[in-house]
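The structure appears below as structure tokens.
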Amino acid sequence: MKRAFVLLFISFFVLTCFQSSYLFANQKNTRKRVEKRANTAAVFSGLIPGLGQVYNREYGKGCLLFAGTSLGLYLWVMGSPGGVGFLGGILTVTCYYVGIHDAYENGRRIGREEVLLE
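Now the structure itself:
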């Protein structure tokens, strides 16, 4: 009886070690995939404003960010009197920053959700 209990304890310990090492390796792979998706979305949004949102399947938000950045760039370049050019520059920089940040954060969230669904 004592031998069976020891054997059961050892087998449980060995199985737990194997499973924890598998989970640790799987966790590292998962983190890489989530970060890769987030980084890809941020780079896309840095290249063309709103493209990171389209990559994250947020089409409306991507179109709004592209339109806002384009409008701000137009106002900035045209330099209308009354300080509208300055406001256009602020709008451009703001939309550009918000687009990159939003694409990265939503890329991480979507990446985590995809991993949970697997």
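If you're matching positions, the sequence shown starts at 1377 in the numbering used here and goes up one per residue.
Just so you know, even glycine gets a beta-carbon here, dropped at the ideal spot from N, CA and C.
Which value, in whole angstroms, describes the spacing of the CA atoms of residue i and residue j?
i	j	result
residue 1320	residue 1420	With the chain covering 1377 to 1494 only, the question about residue 1320 has no answer from this structure.
residue 1452	residue 1422	19 Å
residue 1485	residue 1461	36 Å
residue 1447	residue 1465	10 Å
residue 1442	residue 1480	16 Å
residue 1444	residue 1482	19 Å
residue 1474	residue 1488	21 Å
residue 1457	residue 1424	28 Å
residue 1433	residue 1405	23 Å
residue 1470	residue 1478	12 Å
residue 1492	residue 1412	16 Å
residue 1490	residue 1472	27 Å
Note the first and the last residue of the continuous alpha helix (DSSP H) segment covering residue i.
i	result
residue 1438	1435-1454
residue 1459	It is not in any alpha helix (DSSP H) - residue 1459 carries neither H nor E in the DSSP assignment.
residue 1428	1427-1431
Return the Cβ separation of residue i and residue j in integer angstroms, given the expectation that the two are a contact with Cβ distance under 8 Å.
i	j	result
residue 1414	residue 1431	So it is not a contact: roughly 10 Å between Cβ atoms.
residue 1468	residue 1449	5 Å
residue 1426	residue 1438	4 Å
residue 1476	residue 1436	18 Å between Cβ atoms; not a contact.
Using a Cβ-Cβ cut-off of 8 Å, state whether residue i counts as contacting chain D.
i	result
residue 1488	The structure shown contains no chain D; it is built from a single protein chain.
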